[in-house]
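Chemist:
In UniProt numbering, the protein residues as written are 1 to 686.
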């Protein structure tokens, strides 16, 4: 039987090439995760080249041939040897799975499995293609996603989980007992035996009250279990995000991360609502089958055959269910990303008059989402309908078998009623087990996203909590985003004394902003050393260090809180001290002119403030920390010359070490040192 190429979704915008390699490798039974491929070939922020993929595949032992097919000759596409990796729209990689005289099947790590006619494929295909075949050097290996860490987090809620499991078992036992009790009553009634109606009524009341208490206990434990799992999963994942290096966030979109976090709700729902019931449903099905065996062997065989039909249907539809669910989740994620991008970019859209164009783009994402939602739901509906039909007719089939003349249950109304009632429960539970399995496959995409976050290595941190004096030295510092990529900084050496104002200038792309990120530890240096007061940066507690550095970046981030909260953060600041700092950056008078003063609510991203106001609030936030060093990355671009000169003079009076990254001459004219950068190197200084 021919193997299908598995679909592997990309979680980083630059990892389409690695995902394609992982898919082809898995097809040849060399199962490897994208995370393991990252260790072999880092992608960084700029992605992977065609040549990088060839080298990676050859190092893994595959036989590789590269081809160029002309775009204007779709008739030659039949010659493509699959599986192959194709360059798509000159910026993306896809796997070519199958080619016929009319269609080409591709697996896009961003969009899933797709089918194009030859002309559609030709429109996206960028002529270059890598054909891949196995060799003796390719070692077969199995790779499975390890859900152990998530299971461990879930098991920490055992004090709710175990009692809930027990109460659910008791409720199932009660459901199981009721048909048997009814069987005995019917057998007594049809056999001419008398029973006391008062005792029967009393037993019924006790039975009802017991069932009510059990159901109430179940709901109470279920609510507490849901809360506990929500708390543990969110604390674990969000806590891990804060521990990850900045590099992790620089290669992922905000929308992807938000979507991954939102998936925690799906995971919690899966384990609290369905896994508990699924475990007990399996046990319940086994108990019913044993009871049937006790009642009648032939009836049990028929029931087992119907159960097997259910299982076969599940096995036949599982892969399609998983694939359609993944495609739907990807389309949903893409739509959410587009909407987030659209809302954050609304000013630019309005300024450029791009409303109609952006709406059309959004509509394309919406149409794709609705198409995949419909396809997924239709397929699920067909499968669910088949299960429902089996669930509906199975009790009647068993009833028919029991009423056959040669069946010894034919004259035992109680036994017939018990088997009929329990068969409805049996196939209802099998349907429930199917729903649990479908829910698990629907949640696998979210599980893999969460596992990726939990599996990432945390930021390497030192242990020395040093109170800064204000001196910085860079000695032969070089930096590249990955082991294999070009150096962005090369042999940079700078020495800054306490209280000095140092300017770093250069054209766009010269490495100024990258250098600023190294100075505050957002990226580690690839080689060389960074010293604060003669102490190696790697030895220092990074969080403690950053709390002593005031940072005013190009991209100003304000929160949807009051101006006071935006400036103070979690630092306790008196009214007098707040006023002093805001006067220092020339923003106090403007704040006081606002109706609510310092309690004025800042809209999301600070859109209700001018650029200059936002910039000065960020400057005030940096000064609240009473920094020994302040780093200004194009931090006064929105200020006029008078405001800028006054603020800079006040900084110098505070004896703060100032590092300025700027284009404007007025910003750097009174600097103690000026460093000119070009192509990642310092070319002049003075």
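Don't be surprised by glycine CBs; every beta carbon is placed ideally from N, CA and C. Just so we're clear, the structure is a prediction, and the values are computed from it rather than from any experiment.
Please state whether DSSP places residue 398 in a helix, a strand or coil.
Modeler: Reduced to three states, the DSSP call for residue 398 is helix.
Chemist: Run through the region 212 to 251 for me and flag every whole alpha helix (DSSP H) of 4 or more residues, listed as ranges in chain order.
Modeler: Those alpha helix (DSSP H) runs which fall completely within the region 212 to 251 and span 4+ residues are 246 to 250.
Chemist: For a quick check, are the C-beta atoms of residue 237 and residue 264 less than 9 Å apart?
Modeler: Yes. Within cutoff.
Chemist: Out of 620, 593, 164, 562, which has the shortest C-alpha to C-alpha gap to residue 584?
Modeler: Closest by alpha carbon: 620.
Chemist: Let me know if residue 88 comes out buried or exposed under the rule of 16 or more other beta-carbons within 10 Å of its beta-carbon.
Modeler: Burial call: buried.
Chemist: Is the region 415 to 431 close to the region 384 to 394, with three or more CB pairs under 8 Å?
Modeler: Touching, yes.
Chemist: Thinking just about the alpha-carbon of each residue, which of 659, 592, 525 is nearest to the one in residue 551?
Modeler: Nearest option by C-alpha distance: 659.
Chemist: Count the other CB atoms within 10 Å of the CB of residue 12; is the residue buried (16 or more) or exposed (fewer)?
Modeler: Buried, because 16 or more other Cβ atoms sit within 10 Å of the Cβ of residue 12.
Chemist: Pick out whichever of 70, 122, 123, 141 has its Cα sitting closest to the Cα of residue 22.
Modeler: The residue with the shortest Cα to Cα distance from residue 22 is 141.
Chemist: Opposite residue 115 in the DSSP bridges: which residues?
Modeler: Note: residue 115 sits in a beta bridge opposite 105.
Chemist: What does DSSP give as the partner residues of residue 65 in its beta bridges?
Modeler: Residue 65 pairs with 131.
Chemist: Start and end of the beta strand (DSSP E) containing residue 476?
Modeler: From DSSP, the beta strand (DSSP E) with residue 476 extends over 472 to 479.
Chemist: Under the three-state reduction of DSSP, which class applies to residue 457: helix, strand or coil?
Modeler: The answer is coil: DSSP assigns residue 457 none of H, G, I, E or B.
Chemist: Can you name, in chain order, every residue of its own chain whose Cβ lies under 7 Å from the Cβ of residue 486, other than the five neighbours on each side?
Modeler: So the list reads 480, once near-sequence residues are dropped.
Chemist: Within 10 angstroms of its Cβ, does residue 125 collect 16 or more other Cβ (buried), or is it exposed?
Modeler: Buried, since its Cβ has 16 or more Cβ neighbours within 10 Å.
Chemist: Does the region 352 to 369 come close enough to the region 331 to 344 to have 3 or more Cβ pairs within less than 8 Å?
Modeler: Yes, the region 352 to 369 touches the region 331 to 344.
Chemist: Taking just the CA atoms, how far does residue 19 sit from residue 109?
Modeler: One C-alpha to the other measures close to 6 Å.
Chemist: Should residue 648 be labelled buried (16 or more other beta-carbon atoms within 10 Å of its own) or exposed?
Modeler: Classification for residue 648: buried.
Chemist: Hey, is the region 280 to 300 in contact with the region 160 to 172, meaning 3+ C-beta pairs nearer than 8 Å?
Modeler: Touching, yes.
Chemist: Under the rule that 16 or more other beta-carbon atoms within 10 Å means buried, what is residue 39, buried or exposed?
Modeler: Flag for residue 39 reads exposed.
Chemist: Let's test the definition: count the other Cβ atoms within 10 Å of the Cβ of residue 734 and tell me whether it reaches 16, buried, or not, exposed.
Modeler: Any property of residue 734 remains undetermined from this structure, which presents the chain solely from 1 to 686.
Chemist: Should residue 613 and residue 590 be called a contact, given that it needs their Cβ atoms to be closer than 9 Å?
Modeler: Yes, they are a contact pair.
Chemist: Quick one: measure Cβ to Cβ for residue 276 and residue 202, integer angstroms, because I've assumed they're closer than 8 Å.
Modeler: So it is not a contact: roughly 33 Å between Cβ atoms.
Chemist: Could you tell me which residues DSSP puts in a beta bridge with residue 141?
Modeler: Answer by DSSP bridge pairing, in chain order: 30.
Chemist: On a Cα-Cα basis, can you pick out the residue from 232, 403, 247, 217 that is closest to residue 518?
Modeler: It is 247.
Chemist: Within the same chain, show all residues whose beta-carbon is closer than 8 Å to that of residue 52, passing over the 5 residues directly before and after it, in chain order.
Modeler: Cβ within range, chain order: 17, 41, 484.
Chemist: Tell me which residue opens and which closes the alpha helix (DSSP H) that residue 354 is part of.
Modeler: Premise fails: residue 354 is in no alpha helix (DSSP H) and is neither H nor E.
Chemist: Give the DSSP-derived three-state secondary structure of residue 513 in the structure shown.
Modeler: In this structure, residue 513 counts as helix in the three-state DSSP scheme.
Chemist: Just to confirm before moving on: does the CB-CB distance between residue 7 and residue 113 stay below 9 Å?
Modeler: Yes, these two residues count as a Cβ contact at 9 Å.
Chemist: In terms of alpha-carbon separation, which member of 463, 175, 229, 231 lies closest to residue 424?
Modeler: Nearest option by C-alpha distance: 175.
Chemist: Taking the alpha carbon of residue 120 as the point to measure from, which residue in 157, 85, 72, 136 has its own alpha carbon closest?
Modeler: Ranking 157, 85, 72, 136 by Cα distance to residue 120 puts 72 first.
Chemist: Quick one: Cα of residue 207 to Cα of residue 219, how far?
Modeler: Each residue's alpha carbon lies about 19 Å from the other.
Chemist: Indicate, with yes or no, if the ligand MG has a heavy atom lying under 8 Å from the CB of residue 645.
Modeler: Of ligands this structure carries none, so the ligand MG is not represented either.
Chemist: Are residue 628 and residue 470 close, meaning C-beta to C-beta below 9 Å?
Modeler: It is a contact, given that the beta carbons lie within the stated cut-off.
Chemist: So residue 83 and residue 161 are in contact, right, with Cβ under 8 Å, and what is the actual spacing, rounded?
Modeler: About 43 Å; that fails the 8 Å criterion.
Chemist: Could you give the distance in angstroms between the alpha-carbon of residue 272 and the alpha-carbon of residue 435?
Modeler: Distance between the alpha carbons of residue 272 and residue 435: 14 Å.
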